[in-house]
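Novice: This note's numbering puts the first residue of the sequence shown at 27, with every later residue one more than the last.
By construction, the Cβ of each residue, glycine as well, lies at the ideal position given by its N, Cα and C atoms.
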Amino acid sequence: MKKKSTIYDVAKIAGVSPSTISRVMNTPKIVAEDTRQKVMNAVKELAYIPNMMAASMPRRRTNYIGLIIPDITNIFFSNLVRGVQDVCEKHGYAVLVVNSDDSQEKEGRYLKLLYSRRVDGVILTVAGYREEEFLEEELSLLKKMNIVLIDREINGVTTPIVKVNNFGGAYTAVKYLLTMGHRKIMYLAGIEGTKTNQEREKGYLAALREVHINWKKELAADFRLDTAYQKIMHHWPQLKNSDELPTAIFAANDLMAIGALKAFAQLKIRVPEDISIIGFDNIPFSDCTYPPLTTIAQPTYLMGQKAVETLLKVIDKKKIKKSVELETELIERDSVSRWEV
C-alpha cells in the first residue's frame, strides 16, 4: 500500500515550512501568490489530503460553521446562505446548513447537534413559532457557543446581530403608498411575535400616524405564499362590500405579496387598477410576476457576508459591533398605481 503523504512531504517538495502549508490550507489570502502556487502544485503531485481535524487541534478549531435557518425553500434564505458560504470558503471554513422549519423544538435540537460537533461558531435565524423566547437549555448552549443572529432579533439576548432596518423599510413602503393617494392600506403580516414582523408593523403604523390616518387593518399570513393566498381568498369576499375594503396592501415579504397577486388573479380583481400591492425583500423573481412587484429591497446576500465577518471576529475574540444594521431601498415597478378618490 502506498504511504500516505504528510504535511512534511508537501513542505519538502514545495521548499517551504510546514506552517506555510497550514496557512495555505486554512487562510490562503495571507500567503503570496507564487508561494501558494508552489504549495498547491506539491499538494496535487502528492495527492495530499489535509487532516482538518488534526490541523485544528492545537487551536481547538474544526473549520466548520453551523447555519440554522427557518426555511430553505424561502428564496430570501437561499440568497443569505449563498452570502454565508462564499465568505466562509474564502476563509477556509465549511458550512453545515440545517433547516428548523420555524420550529423552536428543532432549533434547540440542532443547536445541541452543532455544539456536539464542535463547530467554531453558529449563525442563527431564530424560529418564528416560539412558546417562549429561549428555553433554559438553549440559553445555556448560546452562552457556550460563538453565535451571531441574523435577520431576527430576540428580546433580552445580547448576542451580535446582522439585520436590516425593518422599521425604515416598512415606513418607506407605506409612505410611498400614501404619496400615491392611498388612505386605506392593509398590512399583510408575517409571523406574530417575531421582531422582524413587529418592526415592520411599527413602520406601517408610524407612516399612517404621521398623516393622521386612523384606518388600519391587518391580516396575518406567517410570511408564507400559500397562507397569504388562502387568507385573501377567504377574507376578500367578506370585505368587498364593506368600509373595511382597502385600496392597497403592504405585505411584510414578497412571498406573501405574490400569494396575494395569485388570489386576486383568481378573484378577477385587477392589480394595480383595483388594488395596489407592495412587498418587502426584492427576491429574484419579484420582477417576473404579473404585474411586476413594487417592493422594498433588502441586501440578503450582503447580510450573509456580514454575518460571517462578524462571527469570525467573535471567534478570534476581536472587538465587534453588537448590531450591524443595513439599509433598504424602494424598487418601483408596476403593482402600485395612483388612487383617485
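Confirm, please, whether the CB-CB distance from ARG178 to VAL152 is below 8 Å.
Specialist: Numbered from its first residue, the sequence shown carries residue 152 at position 126. Numbered from its first residue, the sequence shown carries residue 178 at position 152. Closer than 8 Å, so yes.
Novice: Which of the three DSSP states, helix, strand or coil, is assigned to ASN89?
Specialist: Residue mapping note: residue 89 aligns to position 63 of the sequence shown, counting from 1. In this structure, ASN89 counts as coil in the three-state DSSP scheme.
Novice: Given that a residue counts as buried once 16 or more other Cβ atoms are within 10 Å of its Cβ, and exposed if not, what is TYR202?
Specialist: Here residue 202 is taken as the residue at index 176 of the sequence shown, counted from 1. Classification for TYR202: buried.
Novice: Keeping to the same chain, check which residues put their C-beta closer than 8 Å to that of ARG235; ignore five residues upstream and five downstream.
Specialist: To locate residue 235, count along the sequence shown from 1; it is residue 209. Result list for ARG235: empty, nothing under 8 Å.
Novice: Which partner residues does THR321 have in the DSSP bridge list?
Specialist: Taking the sequence shown and counting its residues from 1, one reaches residue 321 at position 295. THR321 pairs with GLY305, ILE357.
Novice: Which two residues bound the contiguous alpha helix (DSSP H) that contains MET51?
Specialist: Along the sequence shown, one-based indexing puts residue 51 at 25. MET51 -> alpha helix (DSSP H) spans 44-52.
Novice: Mind reading off the beta-carbon distance from ALA323 to ILE303? Whole number of angstroms is fine, and I expect it under 8 Å.
Specialist: Here residue 323 is taken as the residue at index 297 of the sequence shown, counted from 1. Here residue 303 is taken as the residue at index 277 of the sequence shown, counted from 1. Actually they are not in contact, since the Cβ atoms of ALA323 and ILE303 sit about 16 Å apart, beyond 8 Å.
Novice: My guess is that PRO318 and SER361 are in contact by the Cβ rule of under 8 Å, so how many angstroms apart are they, rounded?
Specialist: For the purposes of this step, residue 318 is taken as the residue at position 292 of the sequence shown. For the purposes of this step, residue 361 is taken as the residue at position 335 of the sequence shown. Right, their Cβ atoms sit about 7 Å apart.
Novice: The alpha helix (DSSP H) spanning GLU115 covers which residue range?
Specialist: The residue given as residue 115 occupies position 89 in the sequence shown. Start and end: 101-116.
Novice: Check whether the Cβ atoms of ALA286 and ILE309 lie closer than 8 Å to each other.
Specialist: Indexing the sequence shown from 1 puts residue 286 at position 260. Indexing the sequence shown from 1 puts residue 309 at position 283. For ALA286 and ILE309, no; Cβs fall outside 8 Å.
Novice: Compute the distance between the beta-carbons of THR88 and ARG144, then report whether it is under 8 Å.
Specialist: Counted from its first residue, the sequence shown places residue 88 at position 62. Counted from its first residue, the sequence shown places residue 144 at position 118. Result yes, Cβ atoms of THR88 and ARG144 sit closer than 8 Å.
Novice: ILE33 lies in the beta strand (DSSP E); which residues open and close that run?
Specialist: As a working note, residue 33 is residue 7 in the sequence shown. Run containing ILE33: none in the beta strand (DSSP E); it sits in the alpha helix (DSSP H), 33-40.
Novice: Taking its Cβ as the centre, do 16 or more other Cβ atoms sit within 10 Å of THR321, making it buried, or is it exposed?
Specialist: Locating residue 321 in the sequence shown gives position 295, where the first residue counts as 1. Its Cβ being crowded by 16 or more others within 10 Å, THR321 is buried.
Novice: Give the range of the alpha helix (DSSP H) segment to which ALA247 is assigned.
Specialist: The count along the sequence shown starts at 1 and reaches residue 247 at position 221. Run containing ALA247: none; DSSP gives neither H nor E here.
Novice: Exposed or buried, GLU164, counting other C-beta atoms within 10 Å across all chains shown (16 or more means buried)?
Specialist: Working through the sequence shown from its first residue, we reach residue 164 at position 138. GLU164 comes out buried.
Novice: Under 8 Å between the Cβ atoms of GLN111 and VAL124?
Specialist: Taking the first residue of the sequence shown as 1, we reach residue 111 at position 85. Taking the first residue of the sequence shown as 1, we reach residue 124 at position 98. No, the Cβ-Cβ distance between GLN111 and VAL124 is not below 8 Å.
Novice: Which same chain residues, not among the five before or five after ALA196, have their C-beta less than 6 Å away from its C-beta?
Specialist: Here residue 196 refers to the residue found at position 170 when the sequence shown is read from its first residue. Once the five neighbours on either side are set aside, the close Cβ partners of ALA196 are ARG226, GLY229, TYR230.
Novice: Do you know how far the Cα of SER43 is from the Cα of LEU72?
Specialist: Residue mapping note: residue 72 aligns to position 46 of the sequence shown, counting from 1. Residue mapping note: residue 43 aligns to position 17 of the sequence shown, counting from 1. Roughly 16 Å separates the two Cα atoms.
Novice: Considering only residues of the same chain and omitting the five flanking positions on each side of PRO84, which have a CB-CB separation below 7 Å?
Specialist: Looking up residue 84 in the sequence shown gives position 58. Because PRO84 sits at a pLDDT of 49, beneath the cut-off of 50, its placement in the model cannot be relied upon, and the following sentence gives the value as read from the coordinates. Hits under 7 Å: none found.
Novice: For ILE341, which three-state DSSP category applies?
Specialist: Locating residue 341 in the sequence shown gives position 315, where the first residue counts as 1. Note: ILE341 maps to helix in three-state DSSP.
Novice: Below 8 Å, how does it come out for the region 268-275 and the region 206-223: are there three or more Cβ pairs, yes or no?
Specialist: They touch, by the three-pair rule.
Novice: When you compare the CB positions of THR354 and GLY194, do they come within less than 8 Å of one another, or not?
Specialist: Taking the sequence shown and counting its residues from 1, the one referred to as residue 354 is at position 328. Taking the sequence shown and counting its residues from 1, the one referred to as residue 194 is at position 168. Yes, the Cβ-Cβ distance between THR354 and GLY194 is below 8 Å.
Novice: Tell me the rounded alpha-carbon separation between PHE102 and LYS116.
Specialist: Numbered from its first residue, the sequence shown carries residue 102 at position 76. Numbered from its first residue, the sequence shown carries residue 116 at position 90. Approximately 22 Å between the Cα atoms of the pair.
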